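Read the structure below first, then the notes.
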Amino acid sequence: MTERTLRGKTAIAGIGETPYYKHGQSPHDEFKLALIAVLEACKDAGVDPRDVDGFASYGGDRSEATRLAAALGIKELRFSNMHWGGGGGGVCAAVANASAAVHSGIADCVIAFRSLAQGQFRRYGRGAVAVAAMGEDAFGAPYGLMSPAQRFAMKITRFMTDHGIRHEALRAIAMASYHHAQTNPRAVMRGRPLDEAKYDASRWIVEPFHRLFDCCMENDCAAAVLVVPAGRAKDLGQRPAYVLGGAQGGHHRSAAPVHNAPLYASSHFTTVARNLYDMAKLGPKDMDVVQAYENFTGGVMMSLVEHGLVKPEEANEFMIPSNLYAPSGRMPLNTSGGNLAECYMHGLELVIEGVRQLRGTACNQVPGAKTVLVIGGPMVTPVSNLILGTEDTL
Amino acid sequence: MSTTTSRALPAGLPAPGEESMTKPYWDGTRKNRLIVQRCRGCGHWQWGPEWICHRCHAFDLAWEEVAPRGRIYSWERPHHPVHPALQGHPPYVIVLVELPHADNIRVIGNLLGDPLQEVKIGTAVEAVFEPHDEADRPYTLVQWRIAV
Numbered sequence: 001m002t003e004r005t006l007r008g009k010t011a012i013a014g015i016g017e018t019p020y021y022k023h024g025q026s027p028h029d030e031f032k033l034a035l036i037a038v039l040e041a042c043k044d045a046g047v048d049p050r051d052v053d054g055f056a057s058y059g060g061d062r063s064e065a066t067r068l069a070a071a072l073g074i075k076e077l078r079f080s081n082m083h084w085g086g087g088g089g090g091v092c093a094a095v096a097n098a099s100a101a102v103h104s105g106i107a108d109c110v111i112a113f114r115s116l117a118q119g120q121f122r123r124y125g126r127g128a129v130a131v132a133a134m135g136e137d138a139f140g141a142p143y144g145l146m147s148p149a150q151r152f153a154m155k156i157t158r159f160m161t162d163h164g165i166r167h168e169a170l171r172a173i174a175m176a177s178y179h180h181a182q183t184n185p186r187a188v189m190r191g192r193p194l195d196e197a198k199y200d201a202s203r204w205i206v207e208p209f210h211r212l213f214d215c216c217m218e219n220d221c222a223a224a225v226l227v228v229p230a231g232r233a234k235d236l237g238q239r240p241a242y243v244l245g246g247a248q249g250g251h252h253r254s255a256a257p258v259h260n261a262p263l264y265a266s267s268h269f270t271t272v273a274r275n276l277y278d279m280a281k282l283g284p285k286d287m288d289v290v291q292a293y294e295n296f297t298g299g300v301m302m303s304l305v306e307h308g309l310v311k312p313e314e315a316n317e318f319m320i321p322s323n324l325y326a327p328s329g330r331m332p333l334n335t336s337g338g339n340l341a342e343c344y345m346h347g348l349e350l351v352i353e354g355v356r357q358l359r360g361t362a363c364n365q366v367p368g369a370k371t372v373l374v375i376g377g378p379m380v381t382p383v384s385n386l387i388l389g390t391e392d393t394l
Numbered sequence: 001m002s003t004t005t006s007r008a009l010p011a012g013l014p015a016p017g018e019e020s021m022t023k024p025y026w027d028g029t030r031k032n033r034l035i036v037q038r039c040r041g042c043g044h045w046q047w048g049p050e051w052i053c054h055r056c057h058a059f060d061l062a063w064e065e066v067a068p069r070g071r072i073y074s075w076e077r078p079h080h081p082v083h084p085a086l087q088g089h090p091p092y093v094i095v096l097v098e099l100p101h102a103d104n105i106r107v108i109g110n111l112l113g114d115p116l117q118e119v120k121i122g123t124a125v126e127a128v129f130e131p132h133d134e135a136d137r138p139y140t141l142v143q144w145r146i147a148v
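Quick note, the sequences are listed as chains A and B, same order.
For the first sequence, this note's numbering begins at 1 and goes up steadily by one.
For the second sequence, this note's numbering begins at 1 and goes up steadily by one.
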């Protein structure tokens, strides 16, 4: 029987981004940002945008596939896919869904993208101003529990308390993102370095583990990647970033309402990480670079543990800035600055940075990087992840 | 049964909306009773509310009173105001309370008392019912205090 896998079947052949703007500062409409990102990804790959035949997105993107297809005059639309779930949980799934479509023959040339102009629309970090809270919010909002930072904080409190992990471990995660952003011309936080004193003096968003610098930015931006069959990627202009594995979902009842998941203190990657490594035929020790979605640094900590990259009992010792800095750290993390300091591109900037690392064109290049692990938004459901590799890894 | 006339948080936050599935819960809190789902098929407690029992798939879910006490499973202390009603308001504590006598279901509320108090996972707490009689559709929240 033919092995059921995505390993080595598809590749990211093109990457595209708009400039990354501070929240509310994009001169462009959100849909125009999406168009720019799609065109940039096609240009990078050397593909005529009219030959794109599919779009995959996540997080409830407002730029619909059909409108993109009409606006860009693409010849025929063969795949349009919206991944369920909020936040950046679906970022890697969008790439994997595009890959599944391409590998199965549903489509040939699929854009996975995200467009997000929060200045034009509503910010995530503010509670909804409504008279009545409906659904699950009815059991949170009246108690002042309404923002993402607040929804996830109690998972982190429990995890950190259970394992005795200190806040300094999270500080190292924030410092890695800010450190890498200082050499990244795209980064919103370039020129605004972070040191331990500045972090420690930053205000509380939510005690006991969300200081200001533990929380992602909110930005205006769009990004896209072009997914094609592996064989075709070799004939295009860029060094292919092969998809070695993709997984998505969550463990048993991870979405149980009103904070009732049986395994609560989790980033929701316990099963998803296992499935990813199984498909990629690789393990945590094989990862040269790690891009881990920072909605909140505590979520990064839990996802690193659940991907087998850090043992919880060793977290206080291991999670120090020098271990996380490219080029020579033991586990280079978020090498472009990520959601904290490059741009809150809902994690697609992490996928794109992974591609750059494999091409050898990253601004904080890890020498000879052959594999990249990308971890999508932790603590939401469903979550997703991805392993990308160079041709050597096939 | 404990009730309180003071409020954990300022006026103006969203009220719980009226929905058919959760009506028995909110009707219960108006009577100072904590009423949650319990499956008539397999006898297990279930929370948050759903139309079906996740264990035995019975749709026949009863609403039963549960003793309003538990222990702190996790907690947080928000500082940054994310809603206009919280502007200028000091930090407050949210607790996730586990009910060991009801299959360890968890419920959310505010922890009453000093908002800057040290909070410890595992601490025994008991419910305090906080009526909002002046609302267009009166409702009662379930708050928590350290058990005496």
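Virtual Cβ for every residue (Gly too), placed ideally from N, Cα, C.
Since this is a predicted model, take the numbers as computed values, not measurements.
Sorting 19/A, 124/A, 166/A, 164/A by C-alpha distance to the C-alpha of residue 146/A places 124/A at the top. Taking C-beta separations shorter than 7 Å and ignoring five residues to either side along the sequence, the partners of residue 238/A in its chain run 13, 14, 44, 45, 359, following chain order. Straight-line spacing of the CA atoms in residue 148/A and residue 67/B works out to 31 Å. The alpha-carbon separation between residue 363/A and residue 205/A amounts to approximately 31 Å. Interface criterion met: the Cβ of residue 207/A is under 8 Å from a Cβ in chain B. In the DSSP assignment, residue 356/A falls within the alpha helix (DSSP H) that extends over 348–359. Note on residue 21/B: under 16 other CB atoms within 10 angstroms of its CB, so exposed under the neighbour-count rule. For the pair residue 15/B and residue 127/B, the CB atoms are not nearer than the 8 Å cut-off. Residues of the segment 61–75 of chain B with a C-beta less than 8 Å from any C-beta of chain A: 73, 74, 75, listed in chain order.
Not one beta carbon of chain A lies nearer than 8 Å to the beta carbon of residue 125/B. For residue 276/A, the enclosing alpha helix (DSSP H) starts and ends at 270–280. Using a Cβ-Cβ cut-off of 9 Å, residue 83/B is close to 126, 127, 128, 129, 141, 144, 146, 147 of chain A, given in chain order. Looking at the backbone, the Cα of residue 221/A and that of residue 340/A are separated by about 14 Å. The beta carbon of residue 120/A sits closer than 7 Å to the beta carbons of 29, 30 from its chain, once the five residues preceding and following it are set aside; these are given in chain order.
Under DSSP, no beta-bridge partner is assigned to residue 104/A.
The distance from the Cβ of residue 61/A to that of residue 122/A is about 14 Å, inconsistent with a contact at the 8 Å cut-off. Exclusion of the five residues before and after residue 78/A leaves 53, 54, 106, 107 as the residues of its chain whose Cβ lies within less than 7 Å of its Cβ. Between residue 35/A and residue 110/A, the alpha-carbon positions lie close to 14 Å from each other. Each of 242/A, 308/A, 336/A, 338/A was checked against the Cα of residue 392/A, and the nearest Cα belongs to 242/A.
The DSSP assignment places 65–71, 91–104 as complete runs of the alpha helix (DSSP H) inside the segment 65–112 of chain A, in order along the chain (cut-off: 4 residues). By the Cβ criterion, the segment 256–272 of chain A is not in contact with the segment 344–361 of chain A, since fewer than three pairs of Cβ atoms, one from each stretch, lie closer than 8 Å. Listed in chain order, the positions of the segment 104–121 of chain A with a beta carbon within less than 9 Å of a beta carbon of chain B would be empty, since no residue qualifies. For residue 116/A, the closest C-alpha among the options 276/A, 344/A, 255/A is that of 344/A. Contact annotation, residue 73/B with residue 105/B: C-beta distance approximately 10 Å; criterion of less than 8 Å not satisfied. Note on geometry: alpha-carbon atoms of residue 203/A and residue 210/A lie some 9 Å from one another. When secondary structure is reduced to three states using DSSP, residue 150/A falls in the helix class. Closest in alpha carbon position to residue 389/A, among 383/A, 98/A, 374/A, is 374/A. One Cα belongs to residue 147/B, the other to residue 115/B, and the distance between them is close to 16 Å.
In the structure shown, the three-state DSSP call for residue 209/A is coil. One thing to note: residue 71/B has its Cβ no nearer than 8 Å to the Cβ of residue 29/B.
Distance from the CA atom of residue 37/A to the CA atom of residue 89/A, rounded to whole angstroms, is 20 Å. Taking a beta-carbon distance threshold of 8 Å, residue 132/A counts as an interface residue toward chain B. For the C-beta of residue 167/A, not a single chain B residue is nearer than 8 Å; the gap to the nearest is close to 14 Å.
The residue among 245/A, 151/A, 170/A with its C-alpha nearest the C-alpha of residue 100/A is 245/A. For the 8 Å CB-CB criterion, residue 131/A and residue 384/A do not form a contact. Here residue 109/B is buried, its C-beta having at least 16 other C-beta atoms within 10 Å.
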